[in-house]
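Just below is one structure, and these are the notes that go with it.
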Amino acid sequence: MMKNTHRAFRWPQPLEGQQARIWYGGDYNPDQWPEEVWDEDIRLMTKAGVNVVSVAIFSWAKIEPQEGVYDFDWLDRVIDKLGKAGIAVDLASATASPPMWLTQKYPEVLWRDEYGHVCWPGAREHWRPTSPIFREYALNLCRKMAEHYKDNPYVIAWHVSNEYGCHNRFDYSDDAMHAFQRWCEERYGTIDAVNEAWGTAFWAQRMNDFSEIIPPRFIGEGNFMNPGKLLDFKRFSSDALKAFYVDERDVLAEITPDRPLTTNFMVSAGGTGLDYDDWGYEVDFVSNDHYFTPGESHFDELAYSASLVDGIARKNPWWLMEHSTGAVNWRPINYRKEPGQLVRDSLAHLAMGADAICYFQWRQSKAGAEKYHTAMVPHAGEDSQDFRDVCELGADLALLGEQGLLGTRLAQSRVAVVFDYESQWATEHTATPTQQVRHWTEPLAWFRAFADNGVTADVVPIRGDWDSYEAAVLPSVYLLDEANSQRVRDYVAKGGKLFATYYTGISDERDHIWLGGYPGSIRDVVGVRIEEFAPMGDDFPGALDHLDLDNGTVAHDFADVITSTADSATVLSRFKAEPWTGMDGAPAIVANRYGEGATVYVGCRLGRDGLASALPAMCGSIGFDLPQGDGRIMRIERVSDDAGFEFLFNRSRERVTVEVDGEPLVASLGRVEDGRAVLDPNGVVVIKR
Ligand code: GLA
Ligand code: GLA
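Start counting the sequence shown at 2; every next residue gets the next number (my numbering).
Next comes the structure, spelled out in structure tokens:
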């Protein structure tokens with residue numbers, strides 16, 4: 002669906018008398034500590050160069066200990082101490098975790114799972130966004146917070162709630178059901194249109210009235226939910242939380258119109274809960290929480306996610322609201338960061354367009370569910386490597402700010418890799434050609450394959466301006482509606498260079514298949530016609546588990562059975578297989594000319610390594626010049642009309658030496674000598690040009 006415009010961009014301004022700086026700090030939970038600790042906190046914050054903290058995110062029970070009884074004194078004192086020390090406050094609405102008195106009085110605010118089980122208090126986010134009662138209490142608290150802090154000079158921004166949908170994304174309660182019915186009515190107008198969209202002629206699911214719409218509640222193990230309903234329920238769930246956010250935002254904004262507002266997203270490669278690109282229209286500035294993926298994809302996944310956040314922010318500055326100094330507490334195994342990664346990770350977010358670098362959290366808790374989550378001040382205290390790194394980073398950020406990094410933006414790449422939340426949601430359905438294939442892995446594989454060839458691509462949401470790039474990749478963009486199909490057609494017709502893969506353009510926005518041979522929505526553009534899919538796997542002995550290509554790469558999990566190609570097409574690579582597979586000699590990678598532009602269609606899953614090795618030939622076939630870069634280094638540039646900063650990151654496990662032009666402002670596990678940067682693993686240098 003087409004979107005209206007974004008809310009005007011507004012960025013938190015420095016405290017009076019201060020210069021604009023790169024914001025640096027973290028979530029601060031002084032309510033977990035006796036007041037004696039607060040002065041020590043401020044001493045350490047000053048030492049580390051911290052200039053902002055997010056306060057009161059989970060403080061509802063302390064601010065309103067009983068219904069209608071408010072205690073702001075402690076919060077006033079802490080904000081005052083912070084402000085007088087030159088540390089600004091990103092103040093929470095405090096509504097993320099309702100107090101016990103509220104849920105005991107009104108258990109109907111608690112959300113329910115698909116079996117009808119109640120989500121009881123005991124953690125947080127145990128509320129449903131469609132509850133009129135919860136809405137009343139939460140908006141009341143927003144109003145009280147805004148009225149109390151409207152003239153406070155130290156509050157520079159609102160942090161509305163926290164990570165909406167992290168735990169309460171899907172609610173199947175009766176409130177949710179009624180809201181879902183209204184949502185369907187708004188989207189479709191008539192029940193017949195819903196019947197048509199959801200294909201309810203199938204399995205006797207036809208409905209006579211909106212009141213017959215129920216959420217996708219439990220239907221028995223191993224059964225298959227109506228895909229149209231499920232897709233719309235994901236849309237609805239994102240919208241229901243968004244509507245709740247908008248209500249909270251508007252109460253705050255009405256009372257404090259001068260304060261920019263945000264809410265922290267959770268954009269990472271695999272995290273596709275809410276449609277954050279859609280949410281991006283509703284914030285004054287985008288903020289994100291990102292937690293590293295342990296292992297070999299650590300850096301790439303971070304860079305990819307940060308680039309997607311920059312895409313969601315439409316290249317406006319964005320705020321890294323949370324990341325970790327080291328291990329988290331919520332994985333089965335909580336790996337530490339390697340030496341250098343604390344500084345390197347933050348600088349990678351910065352390179353990708355963040356103008357604020359913050360952590361969860363300032364001081365590591367000594368009690369509670371997150372006591373093993375690392376923080377800026379660890380259990381070990383000031384005398385620790387993490388705190389020394391935090392101080393080093395603070396100094397780096399201060400220097401980069403002084404040297405003019407603020408005001409520069411992430412340079413536009415030549416390549417856009419398209420990401421689409423709804424394609425991810427649709428491909429998550431459990432009755433598809435294979436459960437091995439989802440949308441999200443493919444954009445990351447392309448981002449990495451380009452990086453291996455020395456190109457740092459931009460990750461661009463499908464609503465963004467991917468069609469303004471020299472080349473664009475549609476990586477398993479499974480849903481293409483009429484409008485986006487037309488955009489693809491126009492883009493290539495006007496000279497665009499398009500890479501598209503298997504599982505792209507299969508269905509429209511209702512997940513109705515485009516008929517006549519896949520990929521039905523853009524068959525003419527990519528010049529292939531597919532009659533059948535050939536998923537691969539090893540769950541049955543003797544099943545087809547891979548296909549070799551004649552370019553030396555190997556396909557796993559998925560291949561298209563391309564039965565014909567357009568006259569304008571050239572087959573770049575074919576499968577080599579046993580004759581009985583029916584795939585021997587079938588086209589695997591096909592180039593096509595369309596209008597002024599050209600396309601490459603990759604009809605199988607090659608993975609990052611296969612794509613990386615196939616990329617030079619694919620690029621050559623459509624006239625995209627790959628630079629002679631060293632794929633072990635990722636170069637990211639931030640530029641303005643009169644300044645340029647180059648960030649060089651070592652992506653590899655070995656020491657790498659590359660030529661550079663300029664002197665390093667900042668270096669970590671790296672140095673520059675005689676025009677050459679020497680970077681150890683996890684190393685980074687930042688050069689001003
Ligand atoms: C069963 C059902 C059919 C259909 C097939 C699909 O046999 O009776 O309606 O669902 O499975 O394999
Ligand atoms: C989320 C939350 C934080 C904290 C961190 C831990 O991002 O917003 O409150 O729980 O996770 O990683």
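We put the CB at the ideal spot given by N, CA and C, even for glycine.
- In terms of side-chain proximity, the C-beta atom of Y504 is found no nearer than 7 angstroms to any non-hydrogen atom of ligand 2.
- Here F286 is buried, its C-beta having at least 16 other C-beta atoms within 10 Å.
- In this structure, ligand 2 has no non-hydrogen atom nearer than 7 angstroms to the beta-carbon of S212.
- Per the coordinates, the alpha-carbon of K63 lies some 15 angstroms from the alpha-carbon of Y138.
- Assignment of C605 by DSSP, reduced to helix, strand and coil, places it in the strand class.
- W331 has its Cβ nearer than 7 angstroms to a heavy atom of ligand 2.
- Sixteen is the threshold: since fewer than 16 other Cβ atoms of the shown chains lie within 10 Å of the Cβ of E213, the residue is exposed.
- Each residue's CA atom was taken as its position, placing M101 and R44 some 34 angstroms apart.
- Annotated three-state conformation of M267 is coil, per DSSP.
- The shortest CA-to-CA distance from N163 to any of M322, P13, R207, Q67 is the one to M322.
- A straight-line Cα-Cα distance of about 41 angstroms links P617 and V391.
- Inclusion of S325 in the 7 angstroms shell around ligand 2 follows from its C-beta lying nearer than that to a non-hydrogen atom of the ligand.
- Taking 7 angstroms as the cut-off, the C-beta of Y292 counts as close to a heavy atom of ligand 2.
- One thing to note: R218 has its Cβ within 8 angstroms of the Cβ of Y173.
- Per DSSP, T326 is not a residue of any beta strand (DSSP E), being assigned neither H nor E.
- R690 and E647 do touch by the CB rule: their CB atoms are close to 6 angstroms apart, below 8 angstroms.
- In this structure, H374 has its CB closer than 7 angstroms to one or more heavy atoms of ligand 2.
- Taking 7 angstroms as the cut-off, the C-beta of N224 does not count as close to any heavy atom of ligand 2.
- The DSSP-derived three-state label of G395 is helix.
- One Cα belongs to A86, the other to V56, and the distance between them is close to 15 angstroms.
- Checking the DSSP bridge columns, you'll see P588 partnered with R575.
- For the options N196, V419, W441, D539, the alpha carbon positioned closest to that of G274 is the one of W441.
- Classified as buried, R606 has 16 or more neighbouring CB atoms from the shown chains inside 10 Å of its CB.
- Per DSSP, reduced to three states, the secondary structure at H179 is helical.
- Taking V667 as the centre and dropping the five residues before and after it, the same chain places the C-beta of L348, D397, L400, L401, V685, V686, V687 closer than 8 angstroms to its C-beta, in chain order.
- Residue state for M537 is assigned as coil, using DSSP reduced to three classes.
- Where K498 is concerned, the enclosing beta strand (DSSP E) starts and stops at 498–502.
- Taken through DSSP and simplified to helix, strand or coil, V79 comes out as helix.
- At a Cβ-Cβ threshold of 8 angstroms, L573 and V591 count as neighbours.
- Per the coordinates, the alpha-carbon of P434 lies some 25 angstroms from the alpha-carbon of V195.
- For G684, the uninterrupted beta strand (DSSP E) segment begins and ends at 677–689.
- When the five nearest sequence neighbours on each side are left out, the beta carbons in the same chain lying within less than 6 angstroms of the beta carbon of N317 are those of F10, in order along the chain.
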